[in-house]
Amino acid sequence: MAEVTVTEHLLFHQKQTPHATGKFTGLLYDLILSGKTISRRINKAGLLDILGGTGEVNVQGENVQKLDDIANRIMIYRMERSGAICAMSSEEEASLIRVGPEFPRGDYILIFDPLDGSSNIDVNVNVGTIFSIHRRPEGRSGEVTLDEVLQPGRNQVAAGYILYGPSTMLVLSTGQGVHGFTLDPGVGEFLLSHPDMTIPEQGKIYSVNEGYSRYWDAATEEAVDWFHHCETKDGGAYSARYVGSLVADFHRTLIYGGIYMYPADTRKPKGKLRLMCEASPLAFLAEQAGGKASNGRERILDIYPDKLHCRTPLFIGSKKDVETVENIFARHNKQA
Ligand code: P6P
């Protein structure tokens with residue numbers, strides 16, 4: 001296959017390229033540069049002894065891993081200089097980051113989790129950067145207000161993730177399908193390796209942390225139990241896979257199909273995952289790849305965030321598998 005870079009793919013291989021304006025490709029360029037920088041730091045982590053926590057706790061109440069902190073600072077530093085953004089929200093930052101007048105600005109809003117799955121860093125398991133790109137509402141100017149950022153996921157103009165694993169991959173959608181690019185460290189370019197990624201309509205894998213089953217409600221118990229007993233399309237049993245790193249679990253689901261579930265439970269009534277920097281970008285990708293993403297009762301992309309770090313239950317992956325869960329939840333809703 002000819003070597004197709006991200007920029008070339010955007011400019012030449014996407015039917016209409018509404019976002020291939022200089023600003024958007026510039027935004028992506030800086031996002032990709034951040035990813036390459038983070039990738040290099042991660043690959044050296046064990047050697048430079050920057051593993052382990054900083055002893056600080058972030059807004060989510062989680063121990064901040066040094067690489068979390070470094071990835072967060074790399075993203076903020078790089079992206080506020082991209083010239084394409086007016087505001088940013090990081091999973092590691094309690095409040096909105098407005099791009100100051102000292103920097104050139106644009107109308108895009110970037111929401112990101114700089115290093116998701118960071119609790120796995122010490123055991124060398126894949127981690128990832130997840131990003132979501134919105135446009136500032138038309139006709140607004142001056143300081144960006146929070147209500148301009150709190151948009152439902154269906155408004156996203158682009159979303160994706162960078163997966164730091166055996167190879168570093170960028171998976172991206174600008175609304176015209178999902179495309180995967182693999183980093184060639186020799187030249188430092190992400191090259192098109194997975195054009196037009198699509199999720200199989202039904203899968204053979206279910207992914208959930210069953211250790212929490214004692215905290216689940218009846219609908220969740222029944223939904224997960226369905227995958228214990230149902231048959232795959234070729235009459236077999238579903239396999240259980242749970243990496244515990246959202247980007248790794250989602251990436252497998254995107255390629256192999258099946259369902260990833262992070263339900264609400266008695267300890268986390270809204271679930272653990274964040275709507276804006278985790279569920280919404282992955283839901284955008286899932287739908288662009290022919291899959292579905294739901295909180296069990298409604299489409300993730302239709303949920304209006306009430307605050308930057310609001311959380312949501314997440315059921316995402318193959319259309320048929322997510323619909324199985326939604327049907328079970330709907331029946332329980334009716335009985336309630
Ligand atoms: P649990 C990692 O901290 C994370 O946010 C996701 O990457 C991952 O899917 C999830 O939490 C794992 O959570 O409760 O199963 O350990």
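Taking this note's numbering, I'd label the letters of the sequence shown as residues 1 to 336.
Even glycine gets a Cβ: it sits at the ideal position worked out from N, Cα and C.
It should be emphasised that the depicted structure is a prediction, and the values quoted were computed from it without experimental measurement.
What residue from the options has the CA that sits closest to residue i's CA?
i: R135; options: P152, A240, M75; result: P152
i: I255; options: E92, T198, E323, W226; result: T198
i: L285; options: C230, N155, L150; result: N155
i: V247; options: V127, T37, N43, F12; result: V127
i: K270; options: H228, W216, E222, S119; result: W216
i: P305; options: G61, E148, F181, M169; result: E148
i: S82; options: D184, W226, T25, L170; result: T25
i: L96; options: K307, T324, N333, R331; result: K307
i: P101; options: S141, S280, T54; result: S141
Suppose contacts are defined by Cβ-Cβ distances below 8 Å. Is residue i in contact with residue j by that definition?
i: G236; j: K204; result: yes
i: D196; j: G177; result: yes
i: F315; j: G296; result: yes
i: I85; j: F112; result: no
i: L67; j: I121; result: yes
i: Y161; j: S207; result: no
i: S89; j: C310; result: no
i: G258; j: S213; result: no
For a test of the three-state rule: what should DSSP assign to residue i, helix, strand or coil?
i: I199; result: coil
i: P305; result: coil
i: P281; result: helix
i: E189; result: strand
i: G139; result: coil
i: V57; result: strand
i: S167; result: coil
i: S132; result: strand
Use the C-beta contact count for residue i: other C-beta atoms within 10 angstroms, 16 or more gives buried, fewer gives exposed.
i: T253; result: buried
i: A2; result: exposed
i: Y77; result: exposed
i: T312; result: buried
i: T174; result: buried
i: T220; result: buried
i: E298; result: exposed
Leaving aside the five residues before and after residue i along the sequence, list all residues of the same chain whose C-beta is less than 7 Å from its C-beta, in chain order.
i: E189; result: T5
i: D321; result: Q202, G203, G258, I259
Starting from the C-beta of residue i, find all residues in its chain whose C-beta is less than 6 Å away, skip the five residues before and the five after it, and write them out in chain order.
i: H251; result: L163
i: R98; result: A87, V144
Is the beta carbon of residue i within less than 7 Å of some heavy atom of ligand 3?
i: L191; result: Inclusion of ligand 3 in the displayed structure is not the case, the ligand content consisting of ligand 1 alone.
Skipping 5 residues on each side, what residues in its chain have a beta carbon closer than 8 Å to that of residue i?
i: S167; result: T182, L183
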